[in-house]
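**Student:** Here the working numbering is used: the first residue of the sequence shown is 12, the next is one more, and so on.
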Amino acid sequence: MPPDVLHFRPLLSPLVQFHPPLTTSEQEDQPSSNHKYFQGSKVKMTLTKKKLIPILVLILSIISILRLIMSLKTSYSSSHGIQSTISQAFQHNKVNASNAMHRRTSNINTTLTEKEFKVLSDLITLKSPCNLLIFGFQPQYLTLSSMNLGGSTIILEDDYDKISKVSINSNTTQICKLEYNNIPAKSAYKMLKHARHNPYCAPNSTLLQKSKCKLALKNLPVEVYRKKWDMIIIDGPIGDSAESLGRMATIYSASVLARSVGNKTCDVVVHDVDRMVEKWFSWEFLCDENLLHCKGKLWHFRIRGHTYSTRFCHDRASVTEK
12 MPPDVLHFRP LLSPLVQFHP PLTTSEQEDQ PSSNHKYFQG SKVKMTLTKK
62 KLIPILVLIL SIISILRLIM SLKTSYSSSH GIQSTISQAF QHNKVNASNA
112 MHRRTSNINT TLTEKEFKVL SDLITLKSPC NLLIFGFQPQ YLTLSSMNLG
162 GSTIILEDDY DKISKVSINS NTTQICKLEY NNIPAKSAYK MLKHARHNPY
212 CAPNSTLLQK SKCKLALKNL PVEVYRKKWD MIIIDGPIGD SAESLGRMAT
262 IYSASVLARS VGNKTCDVVV HDVDRMVEKW FSWEFLCDEN LLHCKGKLWH
312 FRIRGHTYST RFCHDRASVT EK
């Protein structure tokens, strides 16, 4: 049998419609989709830039304001820091002044340590009754004076405030106001050269009252020159700064008085030997060979009477002057 033949019916509307190709002129008139895309992007980019400008202006304004705030804060901090530094400096000076006043008050009331006071009290106990001469007043020296039973004690002080309210209930103790030579501590080396080159400052000049040496204390109470002293303590004037009165004249005059005791010996104790002036003049006029011992800030010398020579200390004769 012959094969069956399939018959197709035309569709009412085709699924795909084909357009005839466009002519060249029509293609030119027809806008391309790509062109439309780029035009849209350009419009969008133009609009974005316009929107970014005020945003950037706003951001820059905010940054400027923040920088201004930070600058003001830094300026305030710097100013506050300077004020704080100045305040701390004044506070530091105030504390230093307070400490200095405390030290000064402390020195007035307790100038000697316990060990130093024991050295002096033991010495007084051994030598009592004796003639005791003290340059510089401290309350502790009244205790030493009370230990010198049957002896004679003279305390010399240039600061009237220290002794104005002190009452003495003993006929053997005197506290006298005196004026030291007006020689500041900063002139120590100048005075040392003067003493070495001037024959009037030699230890064989026993008349201290009439001495032409600039270091001689010539306005002491008359009794000081007349007595033969068994012990001399040097703790005045204060000599704690370059401008204050130094102890050059005190050490020199004490060394002359100590050598004027005849055939006896005189114990000389110098306080504050941690300072250069006290060291220099003790070495020069009291001599290393006479040093018995040291305790704290005390040097204890023992001077023999009638030890006169052209110089105070033999080992100083070879010193070359500049």
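The C-beta atom is built at its ideal place from N, Cα and C for all residues, glycine as well.
Could you tell me the distance, in whole angstroms, from the CA atom of Asn-142 to the CA atom of Trp-240?
**Tutor:** 5 angstroms
**Student:** Tell me whether the segment 126-134 and the segment 278-293 touch, counting them as touching only if at least three CB pairs, one residue from each stretch, are closer than 8 angstroms.
**Tutor:** The segment 126-134 makes contact with the segment 278-293: 3 or more CB pairs, one atom from each, lie closer than 8 angstroms.
**Student:** Taking the runs of the beta strand (DSSP E) that are 3 residues or longer, which of them lie wholly in the segment 195-252?
**Tutor:** 242-245
**Student:** Counting Cβ pairs closer than 8 angstroms, one from the segment 162-169 and one from the segment 145-154, do we hit at least three?
**Tutor:** yes
**Student:** Cα-Cα, which of Glu-254, Asp-251 and Ser-266 is closest to Leu-218?
**Tutor:** Ser-266
**Student:** Taking only three categories from DSSP, how would you classify Phe-323?
**Tutor:** coil
**Student:** Just the C-alpha distance for Gly-307 and Asn-274, rounded to the nearest angstrom, thanks.
**Tutor:** Rounded to whole angstroms, Gly-307 to Asn-274 spans 30 angstroms at the Cα level.
**Student:** Run through DSSP, which three-state label would Leu-134 get?
**Tutor:** helix
**Student:** In three-state terms, what does DSSP make of Thr-261?
**Tutor:** Correct three-state label for Thr-261: helix.
**Student:** Between the C-alpha atoms of Ile-64 and Ser-82, what's the straight-line distance to the nearest angstrom?
**Tutor:** 27 angstroms
**Student:** Near Leu-123, which residues of its chain fall below 6 angstroms by C-beta distance, leaving aside the five closest residues on each side in sequence?
**Tutor:** Answer for Leu-123: Gln-151, listed in chain order.
**Student:** Just checking, does the segment 183-199 make contact with the segment 254-261 on the three C-beta pairs under 8 angstroms criterion?
**Tutor:** yes
**Student:** Return helix, strand or coil for Gly-316, following the three-state DSSP convention.
**Tutor:** coil
**Student:** Taking Thr-183 as the reference, give the member of Gly-162, Lys-176 and Ile-245 with the closest Cα.
**Tutor:** Gly-162
**Student:** Go to Ser-163, then tell me how far its beta strand (DSSP E) extends in each direction, as first and last residue.
**Tutor:** 163-168
**Student:** If I measure Cβ to Cβ from Leu-144 and keep anything under 6 angstroms in the same chain, skipping five residues before and after, which residues do I get?
**Tutor:** Ile-165, Trp-240 and Ile-243
**Student:** Quick one: is Asn-104 buried, meaning 16 or more other Cβ sit within 10 Å of its Cβ, or exposed?
**Tutor:** Legend: pLDDT at Asn-104 = 48, less than 50; position of this residue unreliable, no value from coordinates given.
**Student:** According to the Cβ coordinates, are Leu-160 and Ser-178 closer than 8 angstroms?
**Tutor:** no
**Student:** Here's the rule: buried if 16 or more other CB atoms are within 10 angstroms of the residue's CB, otherwise exposed. What is Val-233?
**Tutor:** Classification for Val-233: exposed.
**Student:** Quick one, which of Gln-185, Gln-220, Ser-255 and Lys-225 has its alpha-carbon nearest Asn-209's?
**Tutor:** Lys-225
**Student:** What separation, rounded to the nearest whole angstrom, lies between the Cα atoms of Ala-196 and Ser-181?
**Tutor:** 34 angstroms
**Student:** Between the beta-carbon of Trp-310 and the beta-carbon of Leu-302, is there less than 8 angstroms?
**Tutor:** Taking 8 angstroms as the Cβ cut-off, Trp-310 and Leu-302 qualify as a contacting pair.
**Student:** Near Lys-221, which residues of its chain fall below 8 angstroms by C-beta distance, leaving aside the five closest residues on each side in sequence?
**Tutor:** Lys-229
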